[in-house]
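Sequences listed follow chains G and F, in order.
Following our numbering, the numbering of the first sequence begins with 27 at its first residue and continues without gaps.
Following our numbering, the numbering of the second sequence begins with 5 at its first residue and continues without gaps.
Note that beta-carbon positions come from the ideal geometry of N, C-alpha and C, so glycine has one too.
One structure below.
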Amino acid sequence: MKAMLSIILSAVGVLIVTVAVQAQAPAPANTPFVDEASGQTALPCMDASGKDVDVPRYSVGSSFEGHKLTKSFRRCDRPDPMGRANFASEIYGSCDAKPGKGCAPPMEIQTFPACERNSNSYTLNPEGDPLPRENVKIAGLPGAIFEGGHRVEVYMHNATVVIFGENPAQIRRAATQLRKVAKASGAVEMPCAAPAGAVAG
Amino acid sequence: MLSLKRKADSADAWMMPSERSRNVLDRLYSGLTSGGGVMLLTATLLMLLMAAPARADFSSSEYTYGDCGGSRVDPINFVWYGATAWASNSALHTEHHTGWSNTSGSSQVFFTHGSCRAMNAQRASGTYSRFHIRLFQTAHLDDKGRYETVGDAHHEDWVLSCPGHAVDANGANGSGFDQGKLEMFSRIYGSHHYYGANVYWGNTISMRQCDGDYAGSNGYVIWFGNNV
Numbered sequence: 027m028k029a030m031l032s033i034i035l036s037a038v039g040v041l042i043v044t045v046a047v048q049a050q051a052p053a054p055a056n057t058p059f060v061d062e063a064s065g066q067t068a069l070p071c072m073d074a075s076g077k078d079v080d081v082p083r084y085s086v087g088s089s090f091e092g093h094k095l096t097k098s099f100r101r102c103d104r105p106d107p108m109g110r111a112n113f114a115s116e117i118y119g120s121c122d123a124k125p126g127k128g129c130a131p132p133m134e135i136q137t138f139p140a141c142e143r144n145s146n147s148y149t150l151n152p153e154g155d156p157l158p159r160e161n162v163k164i165a166g167l168p169g170a171i172f173e174g175g176h177r178v179e180v181y182m183h184n185a186t187v188v189i190f191g192e193n194p195a196q197i198r199r200a201a202t203q204l205r206k207v208a209k210a211s212g213a214v215e216m217p218c219a220a221p222a223g224a225v226a227g
Numbered sequence: 005m006l007s008l009k010r011k012a013d014s015a016d017a018w019m020m021p022s023e024r025s026r027n028v029l030d031r032l033y034s035g036l037t038s039g040g041g042v043m044l045l046t047a048t049l050l051m052l053l054m055a056a057p058a059r060a061d062f063s064s065s066e067y068t069y070g071d072c073g074g075s076r077v078d079p080i081n082f083v084w085y086g087a088t089a090w091a092s093n094s095a096l097h098t099e100h101h102t103g104w105s106n107t108s109g110s111s112q113v114f115f116t117h118g119s120c121r122a123m124n125a126q127r128a129s130g131t132y133s134r135f136h137i138r139l140f141q142t143a144h145l146d147d148k149g150r151y152e153t154v155g156d157a158h159h160e161d162w163v164l165s166c167p168g169h170a171v172d173a174n175g176a177n178g179s180g181f182d183q184g185k186l187e188m189f190s191r192i193y194g195s196h197h198y199y200g201a202n203v204y205w206g207n208t209i210s211m212r213q214c215d216g217d218y219a220g221s222n223g224y225v226i227w228f229g230n231n232v
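In structure tokens form, the structure reads like this:
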């Protein structure tokens, strides 16, 4: 009987602590908010009704120059004062990862809301020097090349498309063949345009 | 590869000093052979003089690599910088503040000022599932006379099916790269090292791990001063 009482009291205690912790924790944002790390507007991962908030998605189809679309996923981190990632990803092809040594796939297309990642987002160092880049036009849209050609970005009004790849010429070709695809089933989209001063086409 | 000529944004600005000199010499040769005359020669010499002081400042690839001809492995997400931020001293302070004293792990390389360089040091919190960072010192001091040592902080699990280490996959709290970087931040912030900045490089590519999962950085790079 004593043991039973002890178990019940413990359970009640755990319940009280859980409720108290939940009451203190800030509610996750479900409307656009100001991201502390970037100072820019950011989108929540879910809206007020609990539906996933998607980002505009761009793709080059089910395969590209011999690389099949092998994985699609959505990454939406919780807001964090030190930064977060919020994008939809499409990975083309695969690579051979070893223990302790990951690998970059042949090509990955990431699409971010333009308010969260855009031409104004980058800084190299604490002095505020610009991250090295080459500004270009891609299919008439403003863009930039980073990482010695292994990263191409296209700046649109509502989305920034970032293409990573092992072959610089190939990802530039991919950048000219992007097309918008449907949002994830059951998800909602929230428009979130690039801020004033950022280039967008 | 990051290779900055301060406040410059033109295509010329991204050249390595040797490339820039070669380009200028090409113009000089072309001017002389086409009979451009003394004015062109004077202008070219002036360009040479102006180009000389603008030597590269901070230069690091955005990722580590398996070897000099290999592909990307981990994103760079942490920088020690300052008068005493050479690699061995950065490793010393990493260990002192985090308690990560284990030095096991594979070697990797990175690129700085156009050259491929081997890792200088590494520190980890244990042997199996652990926090881990590899440290790489840039080729030379920046134009403020500071050393820079960059790192790839991460948390990795020991995965039996590999068998070996795999960086924690992306999740609601970020990836193992983000967790490793935040662990470094939380252990060092408030100490005698000044917090420089949390800057966005956007090196967010998703890296496939040996367990089949993908892990990528959130693109932010934390800078801490090392002057002690």
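With a threshold of 7 Å on Cβ separation, who are the neighbours of F/T46 within its own chain once the five nearest residues in sequence on each side are excluded? Position 42 of the second sequence holds residue 46 of chain F. The pLDDT assigned to F/T46 is 45, lower than 50, so where the model puts this residue is not dependable, and the model offers no usable value.
Taking CB distances under 7 Å as the criterion, tell me whether F/F181 reaches chain G. Position 177 of the second sequence, counted from the start, is the residue given in the question as residue 181 of chain F. Taking Cβ atoms only, chain G never reaches closer than 7 Å to F/F181, which makes this a no.
Using the Cα positions of F/D161 and F/F135, report the straight-line distance between them to the nearest angstrom. What you label residue 161 of chain F is simply residue 157 of the second sequence in a count that begins at 1. What you label residue 135 of chain F is simply residue 131 of the second sequence in a count that begins at 1. Cα to Cα, the separation comes out at about 9 Å.
Cβ of F/E66 within 6 Å of any heavy atom in the ligand GDP? The model depicted lacks the ligand GDP and carries no ligand whatsoever.
Interfacial residues, the segment 135-152 of chain G to chain F, with Cβ spacing under 8 Å: Q136, R143, S147, Y148, T149, L150, N151 and P152
In chain order, each beta strand (DSSP E) run of at least 3 residues that lies wholly inside the segment 80-105 of chain F: 82-86
Selection of the segment 68-79 of chain F by Cβ proximity to chain G, strictly under 8 Å: G70, S75, R76, V77 and D78
For F/C166, which residues in chain G fall below 9 Å Cβ to Cβ? The residue given as residue 166 of chain F occupies position 162 in the second sequence. By Cβ distance, chain G contributes A123, K124, P125 and G126.
Find the nearest neighbour of F/G73 within the set F/T131, F/C120 and F/Y85, judged by alpha-carbon distance. In the second sequence, counting from the first residue as 1, residue 73 of chain F sits at position 69. Cα-wise, what sits closest to F/G73 is F/C120.
Under 8 Å from the C-beta of G/S64: neighbouring residues of chain F: Sequence index remark: in the first sequence, residue 64 of chain G carries index 38 (1-based). By Cβ distance, chain F contributes Y204.
Cα-Cα separation, F/W205 to F/I226: The sequence position of residue 205 of chain F within the second sequence is 201, counting from 1. The sequence position of residue 226 of chain F within the second sequence is 222, counting from 1. Cα to Cα, the separation comes out at about 10 Å.
Please compile the residues from chain G whose C-beta is within a distance smaller than 7 Å of the C-beta of F/Q213. Along the second sequence, one-based indexing puts residue 213 of chain F at 209. Here the neighbours are A123 and G128.
In terms of alpha-carbon separation, which member of F/S64, F/G70, F/E66 and F/Y85 lies closest to F/Y198? Working through the second sequence from its first residue, we reach residue 198 of chain F at position 194. Closest option to F/Y198, Cα to Cα, is F/Y85.
Pairwise C-alpha distance: F/F115 and G/L157: By 1-based counting over the first sequence, the position of residue 157 of chain G is 131. By 1-based counting over the second sequence, the position of residue 115 of chain F is 111. About 16 Å.
Report back the beta-carbon spacing between F/E152 and G/E173 to the nearest angstrom; my notes put them in contact at under 8 Å. Position 148 of the second sequence, counting from 1, holds the residue named residue 152 of chain F. Position 147 of the first sequence, counting from 1, holds the residue named residue 173 of chain G. Not confirmed; about 18 Å, so no contact.
Check F/C63 in the structure and name its three-state DSSP category. As a position in the second sequence, residue 63 of chain F is number 59, starting the count at 1. Correcting the residue type first, residue 63 of chain F is Ser in the shown sequence and not Cys. Three-state result, F/S63: strand.
Since F/V203 and G/L95 should fall inside the 8 Å C-beta cutoff, what is the C-beta to C-beta distance between them, to a whole number of angstroms? Sequence index remark: in the second sequence, residue 203 of chain F carries index 199 (1-based). Sequence index remark: in the first sequence, residue 95 of chain G carries index 69 (1-based). About 32 Å separates the two Cβ atoms, so there is no contact after all.
Compute the Euclidean distance between the alpha carbons of G/V228 and G/G154, then round it to the nearest angstrom. One cannot answer for residue 228 of chain G here, as it falls past the ends of chain G, which runs 27 to 227.
Name the chain G residues that come within less than 7 Å of F/H97, Cβ to Cβ? Here residue 97 of chain F refers to the residue found at position 93 when the second sequence is read from its first residue. In chain order: nothing, as chain G lies at least about 18 Å away.
G/L95: contacting residues in chain F (beta-carbon distance under 7 Å): As a working mapping, residue 95 of chain G is identified with position 69 in the first sequence. Per Cβ cutoff of 7 Å: no residues; G/L95 is ~14 Å from chain F at best.
With 7 Å set as the bound, which would you pick, yes or no: does the beta-carbon of G/V47 sit closer than that to a beta-carbon of chain F? Position 21 of the first sequence holds residue 47 of chain G. Confidence is the limiting factor: at G/V47 the pLDDT is only 47, short of 50, which leaves the residue's position unreliable, though a coordinate-based value still follows. Closer than 7 Å: no.
Using a Cβ cut-off of 7 Å, pull out every chain G residue sitting near F/Y224, in sequence order please. The residue given as residue 224 of chain F occupies position 220 in the second sequence. The answer, in chain order, is A63, M108 and G109.
Is the beta carbon of G/C218 sitting closer than 7 Å to the one on G/P107? Within the first sequence, numbered from 1, the residue matching residue 218 of chain G stands at position 192. Within the first sequence, numbered from 1, the residue matching residue 107 of chain G stands at position 81. Not in contact: G/C218 and G/P107 (Cβ atoms no closer than 7 Å).
Cα separation between G/S147 and G/S64? As a position in the first sequence, residue 147 of chain G is number 121, starting the count at 1. As a position in the first sequence, residue 64 of chain G is number 38, starting the count at 1. Rounded to the nearest angstrom, the two C-alpha atoms are 8 Å apart.
Verify whether the separation of the beta carbon atoms of F/N106 and F/G130 is less than 7 Å. Here residue 106 of chain F refers to the residue found at position 102 when the second sequence is read from its first residue. Here residue 130 of chain F refers to the residue found at position 126 when the second sequence is read from its first residue. Yes.
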